[in-house]
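Undergrad:
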Amino acid sequence: MGRRVVVTGMGAITPNGNNARDFWKSIKAGENGIGPLTKFDNSRIDVRVAAEVRGFDPESYIDKKELKRMDLYCQYAVVASLMAVEDAALDTSEIDRNRFGVIIGAGIGGISTFEKQYDNLKEKGPSRVSPLFIPMMIPNMASGMVSIATGAKGICECVVTACSSGNNAIGNAYKSILNNEMDVMICGGTEAAITELALAGFSNMKAVTTSEDPNRASIPFDKERDGFVMGEGAGIMVIEDYDHAVARGARIIAEIKGFASTSDAFHMTAPAENGEGGARSMQGALDDAGLMPEDIDYINAHGTSTPLNDKNETAAIKTVFGDHAYKVAVSSTKSMTGHLLGAAGGIEGIICCMAIQEQFIPATINYRVADEECDLDYTPGVGRQRKVDYALSNSLGFGGHNSTIIFGKV
């Protein structure tokens, strides 16, 4: 039998809590992390709500001087990674650090730094652009700083596949362990793109909601959906070879059973018709796991609350799961967290692991109006206890990126 890959630690900075335990508690309770947009004066754009991180205190983990050298997206990643290492009870001095790596995805990277430094350029001239502008802006710096903070000397990479970045990062880390390149990996996604420039761009392409009501803003699969809500934060896991985890007496949370990624090869922003690319991704993950569609108990859908995504993802689920599509529990936790872009796969992977741990399906909150094109069991309103041996997580991104991870009970 080949290697097995297990999840042993989790860290989260989210609109629903600033550690994995509080995050899951909020998700399980069906609490809405979306509220009025407060990060900047939004009078010039048609966006009124966001899923903002509140009460973030990085100084418990990062020196104040170092904080000034990191964009917010990087701070989120470093803190969540150190939390995950703590949660895994991983003593990094006792492992082979050459076989300890980092892969963290970010769809956009340091856009708040970009905005600030471009303002400096326009208003004060090139000499006032910070010498730290480039290292603070580039999206790979989260992985780099996590490597420095933890001493991980193995693979150190950044995945940039838009909203699939977090899922792809976990999937690539899983493969690196499966292929015996690494023993332990820190992986997941991070994002901090609630800025005027980013939201102006998404707003002008009609991708974000114009709703002013936090309870009718992110409403995946609801017929009245009109766009996503921007979220921010980081979701990070420690994953490792099963034998390595057992040898050090680690608590095992879940097992990664399968992963696949595909491309639509279709359009810059629109999904392929009937979610064809997403269907191939889900089927590929099932094949990789050696599972049948009927084995899946829960699907954490990409479910962005955009008109095109939700109907096409629904069609893709029907293509792959057939009759079981109407029996499997589906939900979009973006109804509570908003859309964390490159970090979405990270926090949704944590949700899948906890759904398995506690045998609980989280809800799609604020779902009210049925859509004839979205007719599956989306766990509307309230979560429920249910057997969850296998949970599947979808992430789909601009550019036609599709990725699917399957987590299983150990």
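Residues 46 to 455, numbered by the numbering used here, are exactly what the sequence shown covers, in order.
Ideal Cβ positions, reconstructed from N, Cα and C, are used throughout, including at glycine.
Here the structure is a predicted model, which is why all the values come from computation and not from measurement.
From the DSSP output, which residues share a beta bridge with T59?
TA: Taking the sequence shown and counting its residues from 1, one reaches residue 59 at position 14. Partner(s): G62.
Undergrad: Decide if G335 is buried, meaning its Cβ has at least 16 other Cβ atoms within 10 Å, or exposed.
TA: Taking the first residue of the sequence shown as 1, we reach residue 335 at position 290. Exposed.
Undergrad: Sorted by chain position, which residues of the same chain lie with C-beta nearer than 7 Å to M399's C-beta, five sequence neighbours on each side aside?
TA: The residue given as residue 399 occupies position 354 in the sequence shown. Result list for M399: W69, in chain order.
Undergrad: Counting pairs of beta carbons, one from the region 267–277 and one from the region 234–251, are three or more of them closer than 8 Å?
TA: Segments in contact, yes.
Undergrad: Over what stretch of residues does the beta strand (DSSP E) that includes N439 continue unbroken?
TA: Translated into the one-based positions of the sequence shown, residue 439 becomes position 394. N439 -> beta strand (DSSP E) spans Y435 to G442.
Undergrad: Between S188 and C203, which are expected to be in contact by the criterion C-beta below 8 Å, what is the C-beta distance as a whole number of angstroms?
TA: In the sequence shown, the residue the question calls residue 188 occupies position 143. In the sequence shown, the residue the question calls residue 203 occupies position 158. The Cβ separation is near 5 Å, so the contact holds.
Undergrad: Can you tell which of R99, A74, K372 and I72 has the C-alpha that lies nearest to the C-alpha of P81?
TA: The residue you call residue 81 lines up with position 36 of the sequence shown. P81 has its Cα closest to that of R99, out of R99, A74, K372 and I72.
Undergrad: Beta carbon of G276, beta carbon of A96: below 7 Å?
TA: Counting from one through the sequence shown, the residue named residue 276 turns up at place 231. Counting from one through the sequence shown, the residue named residue 96 turns up at place 51. In contact: G276 and A96 (Cβ atoms closer than 7 Å).
Undergrad: For E131 and A415, I'd like the C-alpha separation in whole angstroms.
TA: Position 86 of the sequence shown holds residue 131. Position 370 of the sequence shown holds residue 415. Computed Cα separation, rounded: 43 Å.
Undergrad: From the DSSP output, read off the bridge partner residues of P425.
TA: Here the question's residue 425 lines up with position 380 in the sequence shown. Its beta-bridge partners are T409.
Undergrad: What's the C-alpha gap between G233 and I149?
TA: As a first step, residue 233 is located in the sequence shown; it is residue number 188 there, counting from the start. As a first step, residue 149 is located in the sequence shown; it is residue number 104 there, counting from the start. Roughly 5 Å separates the two Cα atoms.
Undergrad: Taking the alpha-carbon of N411 as reference, which of T195, S376 and K302 has the nearest alpha-carbon?
TA: Walking along the sequence shown from the start, residue 411 turns up at place 366. For the residues T195, S376 and K302, the minimum Cα distance to N411 belongs to S376.
Undergrad: Since I believe R144 is in contact with D228 (beta carbons under 8 Å), could you give me their beta-carbon distance rounded to a whole number of angstroms?
TA: Here residue 228 refers to the residue found at position 183 of the sequence shown. Here residue 144 refers to the residue found at position 99 of the sequence shown. With 8 Å as the limit, D228 and R144 qualify as a contact, their Cβ atoms being about 4 Å apart.
Undergrad: Let's see if you can read the secondary structure: which residues bound the alpha helix (DSSP H) around E139?
TA: Stepping through the sequence shown from its first residue, residue 139 is reached at position 94. Taken as a continuous stretch (DSSP letters only), E139 belongs to no alpha helix (DSSP H), as it is neither H nor E.
Undergrad: In chain order, which alpha helix (DSSP H) runs of at least 4 residues are fully inside the region 315–342?
TA: Runs found: 321–334.
Undergrad: Pick out the complete alpha helix (DSSP H) segments inside the region 281–319, 4 residues or longer, and give them in chain order.
TA: List check, alpha helix (DSSP H) in window: 287–292.
Undergrad: Output needed for P338: all residues of its chain with C-beta closer than 7 Å, excluding positions within five of it in sequence on either side, in chain order.
TA: The residue you call residue 338 lines up with position 293 of the sequence shown. Excluding sequence neighbours, P338 sits near L331, V365, F366, G367 and H369.
Undergrad: For R48 and A262, I'd like the C-alpha separation in whole angstroms.
TA: Residue numbering aside, residue 48 sits at position 3 when the sequence shown is read from its first letter. Residue numbering aside, residue 262 sits at position 217 when the sequence shown is read from its first letter. Their Cα atoms are separated by approximately 43 Å.
Undergrad: With 16 other CB atoms within 10 Å as the buried threshold, where does V427 fall?
TA: Position 382 of the sequence shown, counted from the first residue, corresponds to residue 427. With fewer than 16 other Cβ atoms within 10 Å, it is exposed.
Undergrad: Indicate whether the contact test is met: 3 or more Cβ pairs, each with one atom in the region 154–173 and one in the region 235–250, closer than 8 Å.
TA: Verdict: yes, contact present.
Undergrad: Under 8 Å by Cβ, that's how I've got K302 and Y435 pegged, so tell me the actual separation to the nearest angstrom.
TA: Sequence index remark: in the sequence shown, residue 302 carries index 257 (1-based). Sequence index remark: in the sequence shown, residue 435 carries index 390 (1-based). Right, their Cβ atoms sit about 7 Å apart.
Undergrad: Between the region 380–394 and the region 280–289, do at least 3 Cβ pairs fall closer than 8 Å?
TA: Verdict: yes, contact present.
Undergrad: Check each candidate in R114, F304, M381 and H446 and name the one with the smallest Cα separation from M186.
TA: Position 141 of the sequence shown holds residue 186. Out of R114, F304, M381 and H446, R114 has the C-alpha closest to the C-alpha of M186.
Undergrad: E236 lies in the beta strand (DSSP E); which residues open and close that run?
TA: Translated into positions along the sequence shown, residue 236 becomes position 191. Here the beta strand (DSSP E) through E236 covers V229 to E236.
Undergrad: Suppose contacts are defined by Cβ-Cβ distances below 7 Å. Is A151 in contact with M55 by that definition?
TA: Residue numbering aside, residue 151 sits at position 106 when the sequence shown is read from its first letter. Residue numbering aside, residue 55 sits at position 10 when the sequence shown is read from its first letter. No. Outside cutoff.
Undergrad: Could you give the C-beta distance for P265 and D355, rounded to a whole number, given that I count them as a contact under 8 Å?
TA: Reading the sequence shown from its first residue, position 220 is the one you call residue 265. Reading the sequence shown from its first residue, position 310 is the one you call residue 355. Confirmed, about 6 Å.
Undergrad: From the DSSP output, in three-state form, read off A252 for me.
TA: Taking the first residue of the sequence shown as 1, we reach residue 252 at position 207. Here A252 sits in coil by DSSP.
Undergrad: Does any C-beta atom of chain D lie closer than 7 Å to the C-beta of C232?
TA: In the structure shown, chain D does not exist; there is a single protein chain.
Undergrad: Closest by CA to L441, which one among S308, A374 and Q402?
TA: In the sequence shown, residue 441 corresponds to position 396, counting from 1. The shortest Cα separation from L441 among S308, A374 and Q402 belongs to S308.
Undergrad: Counting only the same chain and skipping the five closest in sequence on each side, list residues whose C-beta sits under 8 Å from that of P316.
TA: Looking up residue 316 in the sequence shown gives position 271. So the qualifying residues of the chain are D309, G322, G323, L353, N354, N357, E358, L441 and G445.
Undergrad: How many angstroms separate the CA atom of T449 from the CA atom of K169?
TA: Counting from 1 along the sequence shown, the entry for residue 449 is found at position 404. Counting from 1 along the sequence shown, the entry for residue 169 is found at position 124. Near 46 Å, if we compare the C-alpha coordinates of K169 and T449.
Undergrad: Go to T449, then tell me how far its beta strand (DSSP E) extends in each direction, as first and last residue.
TA: The sequence position of residue 449 within the sequence shown is 404, counting from 1. H446 to G453 is the extent of the beta strand (DSSP E) around T449.
Undergrad: Check for me: the beta strand (DSSP E) holding A214 runs from which residue to which?
TA: Locating residue 214 in the sequence shown gives position 169, where the first residue counts as 1. It is not in any beta strand (DSSP E) - A214 instead sits in the alpha helix (DSSP H) that spans S210 to L223.
Undergrad: Could you say which of E257, K167, Q120 and N439 lies nearest to A57 if we only look at CA atoms?
TA: Working through the sequence shown from its first residue, we reach residue 57 at position 12. Here the closest residue by C-alpha is Q120.
Undergrad: Given that a residue counts as buried once 16 or more other Cβ atoms are within 10 Å of its Cβ, and exposed if not, what is T53?
TA: Locating residue 53 in the sequence shown gives position 8, counting from the first residue. Buried: at least 16 other Cβ atoms inside 10 Å.
Undergrad: Just to confirm the assignment, what range does the beta strand (DSSP E) spanning V375 have?
TA: Counted from its first residue, the sequence shown places residue 375 at position 330. V375 -> beta strand (DSSP E) spans A374 to S376.
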